[in-house]
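Have a look at the structure below before the remarks.
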Amino acid sequence: MQTIEVKSGKHSDMIDITAAVRRTVPVGMNGICHIFCKHTTAGLTINENADPAVCADIQTALAQLVPWSQTFSRHFEGNSAAHLKSSMMGFSQTVPVKNGALVLGTWQGIYFCEFDGPRSRSVTVQFIAEVE
Amino acid sequence: MQTIEVKSGKHSDMIDITAAVRRTVPVGMNGICHIFCKHTTAGLTINENADPAVCADIQTALAQLVPWSQTFSRHFEGNSAAHLKSSMMGFSQTVPVKNGALVLGTWQGIYFCEFDGPRSRSVTVQFIAEVE
Amino acid sequence: MQTIEVKSGKHSDMIDITAAVRRTVPVGMNGICHIFCKHTTAGLTINENADPAVCADIQTALAQLVPWSQTFSRHFEGNSAAHLKSSMMGFSQTVPVKNGALVLGTWQGIYFCEFDGPRSRSVTVQFIAEVE
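Protein chains in written order, with our numbering: chain A, 1 to 132; chain B, 1001 to 1132; chain C, 2001 to 2132.
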């Protein structure tokens, strides 16, 4: 199990961790890469790595769907929106690995989704072998 | 493969199954724990286990996002909202395991998300070894 | 690693790929099946395979939650809604396998979720052995 440290710079942020994940892949392995976020106000997703406007649009749309201020909220920290957005994106991603390389689509990048930053965060990476 | 039985007590419910999952982890193993929900109106997520208001807020926000009564709905059972909320949370969670212990963040718990209860539900748990 | 080709016929579509996935399961294996979508405007989910109105309702509700035209959008392709809906459903699904059979609930099917079709798409399938 390896750990990737992520430093988010804004309250809401999507940080491309693909290169950092790629550096952890064992030489020549076939199977899956399991990436896990150990937080409850940040998550992980996969999405387009070409036009950064995609990530900006995703964050704006999520902020409209799940507004920061919700009159019904009872959580004393006041960040329940970040908790829900994290559950909506998910806390783990699994990516195929072939001959030691991540098998991502042409436009796919792996993103750490910060919903209550800026903070220092960490993500674990593991590798599981495929049945031959 | 092991099975955890879950009894939901309300129409919408988030039930902490972390302790039940923990009891199934093989001694000394390293890898991932795979938890799977065999239903279509209930899902699984990870979120904060400290202040129960977080789970209450998540359920309220989801109910506002995906209201139970939707005029467009054509499904004869009338519970399409539960189906969508389940897909939004997901049907499986994968958690790292190190030396026979779940590697969860300090505030993370594993939750069974009931969206059309109360019902008797079941969840499967499996363990996959990591590449050394 | 095996590949399943999917041809979507509409702009928004949920295509049942359960039978195609089932045909790839190795004889007698125990573990998990990992299905991965290599796109950023399509995802994967699990949901009810009995009444097709469930999938129709899910797509209608998602289109209301994340409208195609969003005045804030900056992405030049104009399909940010498809990107977000894909992240909300997820890009991978993992299903238990026992004695060479997918362990799905009675009403569960595996769905390819097209959000910006019609297009030719592909999905990878892999199998990981369980700890005995």
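By construction, the Cβ of each residue, glycine as well, lies at the ideal position given by its N, Cα and C atoms. Here the structure is a predicted model, which means the values were calculated and not measured.
| task | Please state whether DSSP places A:Q93 in a helix, a strand or coil. | result | As a position in the first sequence, residue 93 of chain A is number 93, starting the count at 1. Correct three-state label for A:Q93: strand.
| Contacts that B:E1048 makes with chain A (C-beta to C-beta distance below 7 Å) | Walking along the second sequence from the start, residue 1048 of chain B turns up at place 48. Simply T40 and H83.
| Going straight from the alpha carbon of A:A53 to that of B:D1057, what length do you get? | Along the first sequence, one-based indexing puts residue 53 of chain A at 53. Along the second sequence, one-based indexing puts residue 1057 of chain B at 57. One C-alpha to the other measures close to 30 Å.
| message | Tell me which residues share the same chain as C:A2082 and place their Cβ nearer than 6 Å to its Cβ, disregarding the 5 neighbours each side in the sequence. | response | As a first step, residue 2082 of chain C must be located in the third sequence, where it is residue number 82. Around C:A2082: T2041, F2115 and D2116.
| query | What's the C-alpha gap between C:S2122 and C:T2094? | reply | Residue 2122 of chain C sits at position 122 when you count from the first residue of the third sequence. Residue 2094 of chain C sits at position 94 when you count from the first residue of the third sequence. Distance between the alpha carbons of C:S2122 and C:T2094 is about 17 Å.
| query | Would a C-beta distance cut-off of 8 Å place C:I2017 and C:Q2108 closer than the cut-off? | reply | Taking the first residue of the third sequence as 1, we reach residue 2017 of chain C at position 17. Taking the first residue of the third sequence as 1, we reach residue 2108 of chain C at position 108. Taking 8 Å as the Cβ cut-off, C:I2017 and C:Q2108 do not qualify as a contacting pair.
| field | Buried versus exposed call for A:T124 [16 or more other C-beta atoms within 10 Å across all chains shown] | value | Within the first sequence, numbered from 1, the residue matching residue 124 of chain A stands at position 124. That one is buried.
| request: Quick one: grab the DSSP three-state call for B:I1035. | output: Here residue 1035 of chain B is taken as the residue at index 35 of the second sequence, counted from 1. B:I1035: strand per DSSP, three-state reduction.
| said: Our contact map puts A:I15 next to A:F91 with C-beta atoms below 8 Å; I'd like the distance itself, whole angstroms only. | reply: Taking the first residue of the first sequence as position 1, residue 15 of chain A is located at position 15. Taking the first residue of the first sequence as position 1, residue 91 of chain A is located at position 91. Between A:F91 and A:I15 the Cβ distance is about 15 Å, and since that is not below 8 Å, they are no contact.
| message | For C:I2004 and C:P2026, I'd like the C-alpha separation in whole angstroms. | response | As a position in the third sequence, residue 2004 of chain C is number 4, starting the count at 1. As a position in the third sequence, residue 2026 of chain C is number 26, starting the count at 1. About 15 Å.
| request: With 8 Å as the threshold, decide whether the Cβ of A:L102 is near any Cβ in chain B. | output: Position 102 of the first sequence, counted from the first residue, corresponds to residue 102 of chain A. It does not: the Cβ of A:L102 has no partner Cβ on chain B nearer than 8 Å.
| task | Classify C:K2085 as buried or exposed, calling it buried when 16 or more other Cβ atoms lie within 10 Å of its own Cβ. | result | Translated into positions along the third sequence, residue 2085 of chain C becomes position 85. Result: buried.
| task | Could you pull out every residue in the same chain whose Cβ sits closer than 7 Å to the Cβ of A:K7, ignoring the five residues on either side in sequence? | result | Counting from one through the first sequence, the residue named residue 7 of chain A turns up at place 7. For A:K7, where only same-chain residues beyond five positions count, the Cβ hits under 7 Å are S120.
| message | When you compare the CB of A:K7 with every CB in chain C, is at least one pair closer than 8 Å? | response | The count along the first sequence starts at 1 and reaches residue 7 of chain A at position 7. Not closer than 8 Å to any Cβ of chain C, the Cβ of A:K7 fails to qualify, so no.
| said: Distance check for B:S1087 and A:S12, CA to CA, integer angstroms please. | reply: Translated into the one-based positions of the first sequence, residue 12 of chain A becomes position 12. Translated into the one-based positions of the second sequence, residue 1087 of chain B becomes position 87. Computed Cα separation, rounded: 24 Å.
| said: Here's the rule I'm using: 16 or more other beta-carbon atoms within 10 Å means buried, otherwise exposed. How should C:G2105 be labelled? | reply: Position 105 of the third sequence, counted from the first residue, corresponds to residue 2105 of chain C. It is buried - the Cβ of C:G2105 has at least 16 other Cβ atoms within 10 Å.
| message | Less than 8 Å between CB atoms is the rule here; does A:I17 satisfy it with respect to chain C? | response | Looking up residue 17 of chain A in the first sequence gives position 17. No, because no Cβ of chain C sits closer than 8 Å to the Cβ of A:I17.
| Cβ of C:M2029 less than 8 Å from any chain B Cβ? | Within the third sequence, numbered from 1, the residue matching residue 2029 of chain C stands at position 29. Closer than 8 Å: no.
| query | Is C:V2066 close to chain A, meaning its C-beta is less than 8 Å from at least one C-beta of that chain? | reply | Here residue 2066 of chain C corresponds to residue number 66 of the third sequence, with the count starting at 1. Yes, because at least one Cβ of chain A sits closer than 8 Å to the Cβ of C:V2066.
| In this structure, does DSSP put B:D1016 in helix, strand or coil? | Here the question's residue 1016 of chain B lines up with position 16 in the second sequence. Three-state result, B:D1016: strand.
| said: Out of B:I1110, B:E1130 and B:F1127, which one is the CA nearest neighbour of B:A1019? | reply: Taking the second sequence and counting its residues from 1, the one referred to as residue 1019 of chain B is at position 19. Checking every option, the nearest Cα to that of B:A1019 belongs to B:I1110.
| field | Any chain A beta carbon closer than 8 Å to B:M1088 | value | As a working mapping, residue 1088 of chain B is identified with position 88 in the second sequence. B:M1088 counts as touching chain A.
| query | Hey, quick one: how far does the beta strand (DSSP E) through C:L2044 stretch, first residue to last? | reply | If you number the third sequence from 1, residue 2044 of chain C lands on position 44. Under the DSSP assignment, C:L2044 falls in the beta strand (DSSP E) whose first and last residues are A2042 to E2048.
| Is C:Q2126 closer than 8 Å to A:P118 when the C-beta atoms are compared? | Looking up residue 118 of chain A in the first sequence gives position 118. Looking up residue 2126 of chain C in the third sequence gives position 126. Not closer than 8 Å, so no.
| request: Would you check if the distance between the CB atom of C:I2128 and the CB atom of A:G31 is smaller than 8 Å? | output: Taking the third sequence and counting its residues from 1, one reaches residue 2128 of chain C at position 128. Taking the first sequence and counting its residues from 1, one reaches residue 31 of chain A at position 31. Closer than 8 Å, so yes.
| By DSSP, does A:V54 sit in helix, in strand, or in coil? | Here residue 54 of chain A refers to the residue found at position 54 when the first sequence is read from its first residue. Here A:V54 sits in helix by DSSP.
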